[in-house]
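*Asks:*
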Amino acid sequence: MMNVVVVESPAKAKTINKYLGPGYKVLASFGHVRDLPAKDGSVLPDQDFEMLWEVDGASQKRIKDIADALKTSDGLILATDPDREGEAISWHVLDVLNKKRVINGKPVKRVVFNAITKKAVLDAMAEPRDIDVPLVDAYLARRALDYLVGFNLSPVLWRKLPGARSAGRVQSVALRLVCDRESEIERFISEEYWNLSAILKTPRGDEFEARLVSADGKRLQPRAIGNGEEAGKLKALLEGASYVVDTVEAKPVKRNPSPPFTTSTLQQAASSKLGFSASRTMQVAQKLYEGVDIGGETVGLITYMRTDGVQMAPEAIDAARHAIANQFGDRYLPEKARFYSTKAKNAQEAHEAIRPTDFDRVPDRIRKFLDDDQLRLYDLIWKRGIASQMASAEIERTTVEILADNAGNKAGLRAVGSVIRFDGFIAAYTDQKEDGEQSDDSEEGGRLPEINARENLAKQKINSTQHFTEPPPRYSEASLIKKMEELGIGRPSTYAATLATLRDRDYVTIDKRKLVPQAKGRLVTAFLESFFTKYVEYDFTADLEEKLDRISAGELNWKDVLRDFWRDFFAQIEDTKELRVTNVLDALNDALAPLVFPKREDGSDPRICQVCGTGNLSLKLGKYGAFVGCSNYPECNYTRQLSSEGGAEAESNGLNEPKALGTDPVTGEELTLRSGRFGPYIQRGDGKDAKRASLPRGWKPEDIDYEKAMALISLPRDIGKHPETGKMISSGIGRYGPFLLHDGSYANLESVEDVFTVGLNRAVTVLAEKQSKAGGGARGGTPAALKDLGAHPDGGGSITVRDGKYGPYVNWGKVNATLPKGTDPQAITVEEAVALIAAKAGKSGGTTKKAPAKAKAAAAGAKATKTTAKPKAAAKKPAAKTAAKKKSAE
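The opening residue of the sequence shown carries number 1 in UniProt numbering; numbering runs sequentially from there.
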């Protein structure tokens, strides 16, 4: 007797095959085996939302392998991931096999396991079920919605807002959150406030600090002292006052541990403590889940990492309590086990929280089997899991109220201190919050000295400090995920993919771990808020997510939800056909006024052109996106690049007109600093033959002087002759950044500054290192990477962009895929690269992962089929998810 088992990844297949033994043949689907083609007409609303699916060349081979194995097997077991996306993959595999007529009445079962351990897998095999139809319906609804939004809204953007790349159902709402926060920051008006405190001494000679909390019988609210004059009066009162302790209250406080990790809380903690991006966190967690070789045996170290559940299985709780007693002592073990429930909006708790599969695998014991990132993330998951079942921390918080009296003028001061009497769960794990918030585990005010009621205190010093309110912080990846979770936008599986899309589209950039909306992203958001208001509203998006959850629970019909959505959405799309570009620009000028028309230092009208003095400035739309221009064009050709950092910088730097910097001593031509549509640049001379050089990234116009301008305009720079070839080595700045050039071969330099400072010895070394990495020379070697896109979703190494003999290409392992003509190698995204690799592998008979929908049309061996047959209903409804190596819901 032999059964075919289908899982998603080859790593998982190898491990599970060992657990199941010779009676099973485990094969990998490599994620989804088919998807909606990235072209119009893949979802047909007029035909009751019929969906046409496409199987790419690589997936054709996976399906053939499964079909061939089935011919000599007794049955099929679908063991893909335990969530909505995993259920969909099983449904796709079964539907394709049914159409191939290879099932032939053989039994088909679905099994799910939350961890890749022998016990979890064998237990799951003992409890098979049918495919969960409502869960599949929820997937179909989500996929159709995302397709209908993307393939109907994105073309509107292309027509009405050149330069915008795409819009998405969740992507656009996440972008709006980032842009709304930026608008808050721009509108923020800083306010002055003062804090007053006194350094006091007890009769025993111990000093401590108390802050002013009341004056003249009135309680002072935070930031209530608004100016220096008021602060001065209160300081004078305190300087001449006598001090006596009114009350001393010591109060015991218990602090309870946080629950084990969910997907979003893991991403937040990994960002705060480890500096991981959401995508990196999920990549490392995927490896820990699928298994690591521990002493010759591949073992899954954590449970499934896409979940919003916060509870652990009873046997896991028992194991955690046993580990606590062994490793921390009985004092750290609470009398009863802890049980948690989530507070997240629309959460589905069909899965366990993320926890170690075995709490006896202490991080230090398996350190040698893990790389650095794996160890750090596993350590975080282990500590949070074990802490969730530990005893509460016991803290004593002391509050001292002090009376100050200056000739009948009274004030109140307060000193607060705390001390941990028993650390409890803090012995294993301490929380760390985002955006500068105070950690829950900090000791507020520290320990206070012995202070007794009614005793007099001696004044040592009065401190009066000026402060200014600060704007709300920009979102980090972690805090944005937290906000999306609170609002019920997106699901655990979509957060990382959504953020990656925003970065890949150049809608946001990351600066010091903060998300900064770019001009392109703010234009898209302003456009959608002006003309598609409902579809970027937080409540609307959250309500739609709730409907998808109700579909998975069998409470709503998925096509009814699609009909309700499409009716209003299609009408909105049709309305935009009559929309004129002037209407769009007027709306964007108003919505983005702080960005487009920043205030001027001289107080003049920021909408009046300062070059001609009569024209009105306005957004203009060009081939490469939006810019600011004068209404008197062509008489006045003033333009300014629209930048997320604001146009104010360009104007205040005097770039409305060329800024003279000096004269080139060789040519006698004038050097000027100018601003164009694509940013500031140096120009030597006039006319169309004048030499120009853009300012490198990080160079600010206000820092440019004659020396820097001469250095930049004189590039390329000759460094010296190579000691072996006798040929000149030069440095310069190109499309791909700073470089060295020698005898037709290039090598990257680390920074722009190196272009102007690198010496001959260092240059020779860099060229030699590049040649060594390239395989020992130009002939037969692999060119050095221009850009590293990160790990391929299938594993097997990184995807890199390289420049070859016949132009730039993407490389993954032994697969090389040429970039389409005109593609900027620096702008290629990981999704586009995976698609090109998939297409190349399909044509050559190689194997690779299913490519994202956006580029599926390029893949070979396409096969369109329809959603007709449906499997029988079942009972369980796991939570929604998509893997990094699966097609995201976005």
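Just so you know, even glycine gets a beta-carbon here, dropped at the ideal spot from N, CA and C. These numbers were taken from a predicted model, which means no experiment stands behind them.
1) Skipping 5 residues on each side, what residues in its chain have a beta carbon closer than 7 Å to that of V156?
2) Roughly how many angstroms lie between the CA atoms of S844 and A28, to the nearest whole one?
3) Can you give the Cα-Cα distance for N3 and R142, rounded to whole angstroms?
4) So, is I189 buried or exposed, given that buried needs 16 or more other C-beta atoms within 10 angstroms?
5) Of the residues A407, Q466, T398, which one's Cα is nearest the Cα of A453?
6) Between which two residues does the beta strand (DSSP E) holding W194 run?
7) If you pair each beta-carbon of the region 360-376 with each one of the region 403-420, do three or more pairs fall below 8 Å?
8) Determine whether the beta carbon atoms of S392 and R567 lie at a separation below 8 Å.
9) Between V10 and G796, what straight-line distance do the alpha-carbon atoms span, to the nearest angstrom?
10) What does DSSP give as the partner residue(s) for I302 in the beta ladder?
11) Can you list the alpha helix (DSSP H) stretches of 4 or more residues lying completely in the UniProt domain "Toprim" (2-118), in chain order?
12) Tell me whether A553 is buried or exposed, calling it buried when 16 or more other Cβ atoms sit within 10 Å of its Cβ.
13) Is Y638 closer than 8 Å to V596 when the C-beta atoms are compared?
14) Based on Cα-Cα distance, which residue from D689, P634, P701 lies nearest to L661?
15) Given a cut-off of 8 Å, decide if P356 and I381 are closer than it, judged by their beta-carbon atoms.
16) Measuring only the C-alpha atoms, how far is S73 from V26?
17) Tell me whether the region 293-306 and the region 418-426 touch, counting them as touching only if at least three CB pairs, one residue from each stretch, are closer than 8 Å.
18) Would you say I66 touches the ligand SAM, meaning its beta carbon is less than 7 Å from a heavy atom?
19) In chain order, what residues of the same chain lie with their CB nearer than 7 Å to the CB of G417, ignoring the 5 residues before and after it?
20) By DSSP's criteria, R697 is part of a beta bridge. Which residues make up the other side?
21) Note down the Cα distance separating K520 from L592, rounded to an integer number of angstroms.
22) So, with DSSP's three-state summary, where would you put E290?
23) Measuring CA to CA, which of Q466, V7, S214, L548 is closest to A79?
24) Do K287 and Q374 come within 8 Å of each other at the CB atom, strictly closer than that value?
25) Just confirm the distance between the C-beta atoms of A115 and T303, as a whole number of angstroms; I'd bet it's less than 8 Å.
26) Less than 8 Å between the C-beta atoms of A270 and T281, yes or no?
27) Count the other C-beta atoms from every protein chain shown that fall within 10 angstroms of the C-beta of K821, then say buried if there are 16 or more, exposed otherwise.
28) Taking C-beta to C-beta, are S618 and L585 nearer than 8 Å?
29) Going by beta carbon distance, what residues of the same chain come within less than 7 Å of S730, once the five residues before and after it are set aside?
30) Whose C-alpha, out of V108, I402, L234, L480, is nearest the C-alpha of S272?
31) Contact between the region 536-546 and the region 486-499: three or more CB pairs below 8 Å?
32) Can you tell which of E724, V834, G734 has the C-alpha that lies nearest to the C-alpha of L786?
33) Please go through the same chain and pick out, in chain order, the residues whose beta-carbon is closer than 6 Å to the beta-carbon of L760, but skip the five residues on each side of it.
34) Between the C-alpha atoms of L671 and P696, what's the straight-line distance to the nearest angstrom?
35) Which residue marks the beginning of the alpha helix (DSSP H) containing L642, and which one marks its end?
36) For T265, report the span of its alpha helix (DSSP H) as first-last.
*Replies:* The relevant details are as follows:
1) Cβ-Cβ distances below 7 Å link V156 to I573, T576 in the same chain, with the five nearest sequence neighbours on each side left out; the list follows chain order.
2) Residue placement at S844 cannot be trusted, given a pLDDT of 49 that sits under 50; the coordinates are not used to answer.
3) Each residue's alpha carbon lies about 32 Å from the other.
4) I189 comes out exposed.
5) Of the candidates A407, Q466, T398, the residue whose Cα lies closest to the Cα of A453 is T398.
6) Per DSSP, W194 belongs to the beta strand (DSSP E) from 192-201.
7) The region 360-376 vs the region 403-420: no contact.
8) Judged by beta-carbon spacing, R567 lies beyond the 8 Å limit of S392, meaning their Cβ atoms are not closer than that value.
9) It should be pointed out that residue 10 corresponds to Pro in this sequence rather than to Val. Distance between the alpha carbons of P10 and G796: 11 Å.
10) Answer is P356.
11) Listed in chain order, the complete alpha helix (DSSP H) runs (minimum 4 residues) inside the UniProt domain "Toprim" (2-118) are 10-20, 57-71, 84-99.
12) With a 10 Å radius around the Cβ and a threshold of 16 neighbouring Cβ atoms, A553 comes out exposed.
13) No, they are not a contact pair.
14) That would be P701, whose Cα lies nearest to the Cα of L661.
15) For I381 and P356, yes; Cβs fall inside 8 Å.
16) Taking the straight line from one Cα to the other gives about 12 Å.
17) No, they do not touch.
18) Only the bare structure without any ligand can be found here, which leaves the ligand SAM out of the picture.
19) Cβ within range, chain order: T398, G445, G446, R447, L448.
20) Answer is none; R697 lacks a bridge partner.
21) Approximately 12 Å, taken between the alpha carbons.
22) If DSSP states are grouped into helix, strand and coil, E290 belongs with the helices.
23) The candidate whose alpha carbon is nearest that of A79 is V7.
24) For Q374 and K287, yes; Cβs fall inside 8 Å.
25) Confirmed, Cβ separation roughly 5 Å.
26) Yes, the pair counts as a contact, with Cβ atoms nearer than the cut-off.
27) Around the beta carbon of K821, a 10 Å sphere encloses fewer than 16 other beta carbons of the protein chains shown; the residue is thus reported as exposed.
28) Taking 8 Å as the cut-off, the Cβ atoms of S618 and L585 count as close.
29) Apart from the 5 residues on each side of it in sequence, S730 sits with its Cβ closer than 7 Å to the Cβ of P716, R717, D718, I719, L741 in its chain, given in chain order.
30) Of the listed residues, the one whose Cα sits closest to S272 is L480.
31) Because the criterion of three Cβ pairs below 8 Å is met, the region 536-546 and the region 486-499 touch.
32) When each option's Cα is compared against that of L786, the closest is G734.
33) The beta carbon of L760 lies closer than 6 Å to those of I719, G720 in the same chain, with the five residues before and after it left out.
34) Going by the C-alpha atoms only, they are around 17 Å apart.
35) Counted as a single uninterrupted DSSP element, the stretch harbouring L642 is not any alpha helix (DSSP H), since DSSP gives it neither H nor E.
36) 263-269 is the span of the alpha helix (DSSP H), which, as asked, contains T265.
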